[in-house]
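>
Residue numbers (my numbering): -2 to 69.
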């Protein structure tokens, strides 16, 4: 897993751990944990990191099942 990094840009903070990141901003809109999937698909916000992790686990399981059914 990649190490955590923090970026602060004009009142926004992002903390990235692999494909899961936390975003907050001064207005408080769209604050929470997000999942960033290859291809630009972003899911979230989720209030708790454990929820985002379980969603990511489900997405990965679904992708593995899809690949297995296609013979990959």
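Glycine is no exception: its CB is placed at the ideal position from the N, C-alpha and C atoms.
Have a look at 35, 38, 19 and 37 and flag the residue whose alpha-carbon is nearest the alpha-carbon of residue 29.
The residue labelled residue 29 in the question sits at position 32 within the chain shown. It is 19.
> Mapping DSSP to helix, strand and coil, what is residue 21?
Indexing the chain shown from 1 puts residue 21 at position 24. Looking at residue 21 - three-state DSSP - the assignment turns out to be strand.
> What is the rounded straight-line gap between the Cα of residue 56 and the Cα of residue 26?
On the chain shown, residue 56 is found 59 positions in, with the first residue counted as 1. On the chain shown, residue 26 is found 29 positions in, with the first residue counted as 1. About 25 Å.
> With residue 29 as the anchor, note down where its beta strand (DSSP E) starts and where it stops.
Translated into positions along the chain shown, residue 29 becomes position 32. That run of the beta strand (DSSP E) goes 29 to 34.
> Determine whether the beta carbon atoms of residue 52 and residue 32 lie at a separation below 8 Å.
For the purposes of this step, residue 52 is taken as residue 55 along the chain shown, with counting starting at 1. For the purposes of this step, residue 32 is taken as residue 35 along the chain shown, with counting starting at 1. Going by C-beta atoms, residue 52 is nearer than 8 Å to residue 32.
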